[in-house]
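Visitor:
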Amino acid sequence: MIISIASGKGGTGKTTVSTNLALSIGKAQFIDCDVEEPNANIFIKAKIKEREDVSVNIPKIDENKCDYCGKCSKFCAYNALAVVPSKILVFPELCHSCGGCGIVCPKDAVSWNKRVIGRIEYGPAKDINFYHGLLNVGEMQAVPVIKSLKKKVNKNMNVIVDVPPGTSCPVIESISGSDYCILVTEPTPFGLHDLKLAVEVVRHLYIPFGVIINREGIGDNRVEFYCKRENIPILLKIPERKKIANLYSKGIALVNESHEWHEMFGLVFNRIKEEVKT
Amino acid sequence: MKQLCVISGKGGTGKTSITAAFASLEKNAVLADCDVDAADLHLILKPYVKKTTGFHGLKIADIDKNKCIDCKKCYESCKFDAIDEEINLIRESCEGCGVCEYVCPVDAISMVDRDSGFAYISDTRFGPMAHAMLKTAEEASGKLVTVVRNNAKELAEEKKKDLIIIDGPPGIGCPVIASITGVDLVLIVTEPTLSAIHDLERILDVSKHFDIPAIVCINKYDVNVDNANKIENYCENNNIDVVGKLPYDTIVTDAMIHEQSVIEFSDGDLADGIIKMWDKIKEKLIV
Chain A
1 MIISIASGKG
11 GTGKTTVSTN
21 LALSIGKAQF
31 IDCDVEEPNA
41 NIFIKAKIKE
51 REDVSVNIPK
61 IDENKCDYCG
71 KCSKFCAYNA
81 LAVVPSKILV
91 FPELCHSCGG
101 CGIVCPKDAV
111 SWNKRVIGRI
121 EYGPAKDINF
131 YHGLLNVGEM
141 QAVPVIKSLK
151 KKVNKNMNVI
161 VDVPPGTSCP
171 VIESISGSDY
181 CILVTEPTPF
191 GLHDLKLAVE
201 VVRHLYIPFG
211 VIINREGIGD
221 NRVEFYCKRE
231 NIPILLKIPE
241 RKKIANLYSK
251 GIALVNESHE
261 WHEMFGLVFN
271 RIKEEVKT
Chain B
279 MKQLCVISGK
289 GGTGKTSITA
299 AFASLEKNAV
309 LADCDVDAAD
319 LHLILKPYVK
329 KTTGFHGLKI
339 ADIDKNKCID
349 CKKCYESCKF
359 DAIDEEINLI
369 RESCEGCGVC
379 EYVCPVDAIS
389 MVDRDSGFAY
399 ISDTRFGPMA
409 HAMLKTAEEA
419 SGKLVTVVRN
429 NAKELAEEKK
439 KDLIIIDGPP
449 GIGCPVIASI
459 TGVDLVLIVT
469 EPTLSAIHDL
479 ERILDVSKHF
489 DIPAIVCINK
499 YDVNVDNANK
509 IENYCENNNI
519 DVVGKLPYDT
529 IVTDAMIHEQ
539 SVIEFSDGDL
549 ADGIIKMWDK
559 IKEKLIV
């Protein structure tokens, strides 16, 4: 079973939920898809054993074959190629590696260079198989790194996927294929507004979902009203406590501090298991 | 004209609340919300929209099944797995490259415009604002950020404003790079948690990579004073100014519920801290 944890708004507690859930299950695969700012390993504390570069194909133009006809640059939807008199400029950061320039070139002048844009790392932490990805600084495209990570998904295990904030391409790539999605929010106007966006995304992908309200006690009741009206199950409420904020600030998972939290996240997992079955 | 962008790496550190507070302190600025994925600034600034334009990001393939001869060339050529073996388009995966249209031998595929969202030009009680809405599951948020920034620049010229304050997105990828390219200064809002410190280091590398001066604000510093000190030391060692240390205060949420900035809503320590920080930032922008 694959459970992804998403939110729309950043900083609502995705990583808190995903890491505690994984630690409460015990035996699980954990995949941190927030490759721009991966934080889960601060809590999971896996020892990284293996590293793999993620690379994309970037066109290399053979200047002996090229006659500067400009077809490649005209075709490129991303403006990653420019033809100036007797020279072709390639802008690797803009290239999406669609392969189009190679297909349209009448002189067969395009070959491919590998360009490393990030890496994925693997390590065990007790019974958790931990994976995360890191987009290199200055790189635009998180999606290829997320795709490489998602190839590591082992469907025979319980898989927890930590999703980046937002609602666009990296989020869709991370969530798709999940059996269930937990949306983490906080009871504030920003939290509610971005929860509604996240709900649109999971509904669009036809993935069953429920909500966890973090920092309960601040703000107002509108998130709860919204969930009731929309028939969205609230799986758990995590109260606003100085102690919880302090543990988080030090990189300590709740379930490692108190048995009560261990139990509560265990109940959330069982409930999701039941819902996915039916 | 000067441009300041508020970013954070990690989400939820307080970018938007701080940007809204700046907006209420500065009478001479254009506001721009570049977190087009999950825009929230409008919830405080309550913009009155004056002009809406449709945003077409990348194009998208449109397959005419009546013409299709099932040769599977498009399926084999698509690098984004956006066409399945039964030759159905998977909308969310299509990046609009046009390879399928090119390889189709019977012209069954055409690339069409995709309605990806809207860009708005608005008025607020604090001045003009450029913002946008990206539709669910759409691509090209970086491109929409660029539209918002161009709108903000035009607004600034038209209204003779000499400052643009940008509310940036979380992360370090495409929308962030589009938000900070060419700005004069970035303010990184962080908090004293190990996660935020980790993310701060990465976002500082990004600003260095693009050669943009960066300053730091430690929000909710009293959640973990030891970590706050660590951030200060780190910044000192790397010659980065910490321009503000703001206390944790539930007033931020209360102000949000009342659709007001922290400055409008209260005059406590937090508001004082933000006012002092804004004075320091303005000095930096003038130099």
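Here the protein sequences come in this chain order: A and B.
Residue numbering for the first sequence follows the working numbering, beginning at 1 and increasing consecutively.
Residue numbering for the second sequence follows the working numbering, beginning at 279 and increasing consecutively.
By construction, the Cβ of each residue, glycine as well, lies at the ideal position given by its N, Cα and C atoms.
In this text, all values refer to a predicted model and were calculated from it rather than measured experimentally.
1) From what residue to what residue does the alpha helix (DSSP H) around B/Met-555 run?
2) Assess contact between the region 301-312 of chain B and the region 159-177 of chain A, defined as three or more Cβ pairs (one per stretch) separated by less than 8 Å. Is contact present?
3) Can you check which of these residues, B/Thr-330, B/Glu-416, B/Met-411, is closest to A/Cys-169 by C-alpha distance?
4) Smallest Cα separation from A/Gly-210: which of A/Thr-185, A/Gly-219, A/Asn-221, A/Gly-191?
5) Tell me the rounded alpha-carbon separation between B/Ser-539 and A/Ile-3.
6) What residues in its chain sit with their C-beta under 6 Å from that of A/Ile-207, if we drop five residues either side in the sequence?
7) Whose C-alpha, out of B/Lys-329, B/Tyr-512, B/Lys-439, B/Lys-413, is nearest the C-alpha of B/Ile-496?
8) Hey, is B/Lys-523's beta-carbon within less than 7 Å of any beta-carbon in chain A?
9) In terms of alpha-carbon separation, which member of B/Ala-506, B/Ser-473, B/Glu-479, B/Ser-485 lies closest to B/Ser-463?
10) Rounded to the nearest angstrom, what separates A/Lys-65 and B/Glu-479 at their Cα positions?
11) Short of 7 Å Cβ to Cβ, which residues in the region 356-388 of chain B face chain A?
12) Mind checking whether A/Ile-44 and A/Thr-19 have CB atoms under 7 Å apart?
13) What distance in whole Å lies between the Cβ atoms of B/Gly-332 and B/Asp-393, which are believed to be in contact at a cut-off of 8 Å?
14) Are the CB atoms of A/Val-159 and A/Gln-29 nearer to each other than 7 Å?
15) Just verifying my parser: in three-state terms, what is the DSSP assignment at A/Phe-225?
16) Give me the Cα-Cα distance between A/Gly-133 and A/Arg-119, rounded to the nearest whole angstrom.
17) Any beta-carbon of chain B closer than 7 Å to the one on A/Glu-257?
18) Would B/Thr-414 pass as an interface residue toward chain A - the criterion being a Cβ-Cβ separation below 7 Å?
19) Does DSSP classify B/Asn-511 as helix, strand or coil?
20) Closer than 7 Å, CB to CB, is B/Pro-593 near chain A or not?
21) Pick out the complete alpha helix (DSSP H) segments inside the region 44-121 of chain A, 4 residues or longer, and give them in chain order.
22) For A/Ile-218, which residues of its own chain have a beta-carbon under 8 Å away from its beta-carbon, when the five flanking residues on both sides are left out?
23) Considering only residues of the same chain and omitting the five flanking positions on each side of B/Ala-430, which have a CB-CB separation below 6 Å?
24) Using the three-state DSSP reduction, which class does B/Pro-453 fall into: helix, strand or coil?
25) If distances are taken between C-alpha atoms only, which option among B/Val-520, B/Ala-533, B/Gly-546, B/Ile-529 comes closest to B/Met-555?
26) For A/Glu-290, which option in A/Gly-123, A/Asp-67, A/Lys-71, A/Val-137 has the closest C-alpha, if you only look at C-alpha atoms?
27) In the structure shown, what three-state DSSP assignment does B/Lys-329 receive?
28) Determine the extent of the alpha helix (DSSP H) in which B/Leu-336 is found, giving its start and end residues.
29) Return the residues of the region 479-502 of chain B that lie within a Cβ-Cβ distance of less than 9 Å from chain A, sorted by chain order.
30) Closer than 7 Å between beta carbons: that is the criterion. Which residues of the region 185-219 of chain A meet it against chain B?
31) Tell me, please, whether the region 371-385 of chain B touches the region 83-103 of chain A by the rule of three or more beta-carbon pairs shorter than 8 Å.
32) When DSSP labels each residue in this structure, what does A/Cys-169 get in the three-state scheme?
33) Looking at the structure shown, is B/Asp-318 part of a helix, part of a strand, or coil, going by DSSP?
34) With a threshold of 8 Å on Cβ separation, who are the neighbours of A/Asn-256 within its own chain once the five nearest residues in sequence on each side are excluded?
35) Write down the C-beta distance between B/Ile-458 and B/Ile-564 rounded to the nearest angstrom, noting that I regard them as a contact closer than 8 Å.
36) According to DSSP, simplified to helix, strand and coil, what is B/Cys-352?
Guide: Inspection of the coordinates gives the following:
1) In the second sequence, residue 555 of chain B corresponds to position 277, counting from 1. 547-564 is the span of the alpha helix (DSSP H), which, as asked, contains B/Met-555.
2) no
3) Mapped onto the first sequence, residue 169 of chain A falls at position 169. Cα-wise, what sits closest to A/Cys-169 is B/Glu-416.
4) For this step, residue 210 of chain A is matched to residue 210 along the first sequence. When only C-alpha atoms are compared, the closest one is A/Thr-185.
5) Numbered from 1 along the second sequence, position 261 holds the residue referred to as residue 539 of chain B. Numbered from 1 along the first sequence, position 3 holds the residue referred to as residue 3 of chain A. Roughly 37 Å between the two C-alpha positions.
6) One-based indexing of the first sequence puts residue 207 of chain A at position 207. If we look at A/Ile-207 and ignore the five residues flanking it on each side, its Cβ neighbours are Ser-178, Cys-181.
7) The sequence position of residue 496 of chain B within the second sequence is 218, counting from 1. Residue B/Tyr-512 is the option with its Cα nearest to B/Ile-496.
8) The count along the second sequence starts at 1 and reaches residue 523 of chain B at position 245. It does not: the Cβ of B/Lys-523 has no partner Cβ on chain A nearer than 7 Å.
9) One-based indexing of the second sequence puts residue 463 of chain B at position 185. In the sequence on display, residue 463 of chain B carries Leu and not Ser. When each option's Cα is compared against that of B/Leu-463, the closest is B/Ser-485.
10) Taking the first sequence and counting its residues from 1, the one referred to as residue 65 of chain A is at position 65. Taking the second sequence and counting its residues from 1, the one referred to as residue 479 of chain B is at position 201. Approximately 45 Å, taken between the alpha carbons.
11) Lys-357, Glu-370, Glu-373, Gly-374, Cys-375, Gly-376, Val-377, Tyr-380, Val-381
12) The count along the first sequence starts at 1 and reaches residue 44 of chain A at position 44. The count along the first sequence starts at 1 and reaches residue 19 of chain A at position 19. Yes, they are a contact pair.
13) Numbered from its first residue, the second sequence carries residue 393 of chain B at position 115. Numbered from its first residue, the second sequence carries residue 332 of chain B at position 54. Their Cβ separation, rounded to whole angstroms, is 6 Å, which keeps B/Asp-393 and B/Gly-332 in contact under 8 Å.
14) As a working note, residue 159 of chain A is residue 159 in the first sequence. As a working note, residue 29 of chain A is residue 29 in the first sequence. Yes.
15) Along the first sequence, read from residue 1 onward, the residue named residue 225 of chain A stands at position 225. Helix.
16) For the purposes of this step, residue 133 of chain A is taken as residue 133 along the first sequence, with counting starting at 1. For the purposes of this step, residue 119 of chain A is taken as residue 119 along the first sequence, with counting starting at 1. When rounded, the distance between both Cα atoms is 6 Å.
17) Here residue 257 of chain A refers to the residue found at position 257 when the first sequence is read from its first residue. It does not: the Cβ of A/Glu-257 has no partner Cβ on chain B nearer than 7 Å.
18) Here residue 414 of chain B corresponds to residue number 136 of the second sequence, with the count starting at 1. Output row for B/Thr-414: interface = yes.
19) One-based indexing of the second sequence puts residue 511 of chain B at position 233. Helix, per DSSP.
20) Because chain B here runs from 279 to 565, residue 593 of chain B falls outside it and cannot be looked at.
21) 71-75, 100-104
22) Position 218 of the first sequence, counting from 1, holds the residue named residue 218 of chain A. Glu-186, Pro-187, Thr-188, Glu-240, listed in sequence order.
23) As a first step, residue 430 of chain B must be located in the second sequence, where it is residue number 152. Contacts found: Val-308, Ala-310, Ala-408, Ile-442.
24) On the second sequence, residue 453 of chain B is found 175 positions in, with the first residue counted as 1. Here B/Pro-453 sits in helix by DSSP.
25) Within the second sequence, numbered from 1, the residue matching residue 555 of chain B stands at position 277. For B/Met-555, the nearest C-alpha among the options comes from B/Val-520.
26) Outside the modelled stretch of chain A, which goes from 1 to 278, sits residue 290 of chain A, for which no answer is possible.
27) For the purposes of this step, residue 329 of chain B is taken as the residue at position 51 of the second sequence. In the structure shown, B/Lys-329 sits in a strand (DSSP, three-state: E or B).
28) Start at 1 with the first residue of the second sequence, and residue 336 of chain B comes out as number 58. No alpha helix (DSSP H) holds B/Leu-336; DSSP gives it neither H nor E.
29) Arg-480, Ile-481, Asp-483, Val-484, Lys-486, His-487, Phe-488, Lys-498, Val-501, Asn-502
30) Thr-188, Pro-189, Phe-190, His-193, Asp-194, Leu-197, Glu-200, Val-201, His-204, Ile-218, Gly-219
31) yes
32) Stepping through the first sequence from its first residue, residue 169 of chain A is reached at position 169. Looking at A/Cys-169 - three-state DSSP - the assignment turns out to be helix.
33) Sequence index remark: in the second sequence, residue 318 of chain B carries index 40 (1-based). Coil at B/Asp-318, not helix or strand.
34) The residue you call residue 256 of chain A lines up with position 256 of the first sequence. Hits under 8 Å: Leu-23.
35) As a first step, residue 458 of chain B must be located in the second sequence, where it is residue number 180. As a first step, residue 564 of chain B must be located in the second sequence, where it is residue number 286. Actually they are not in contact, since the Cβ atoms of B/Ile-458 and B/Ile-564 sit about 20 Å apart, beyond 8 Å.
36) Counted from its first residue, the second sequence places residue 352 of chain B at position 74. In the structure shown, B/Cys-352 sits in a helix (DSSP, three-state: H, G or I).
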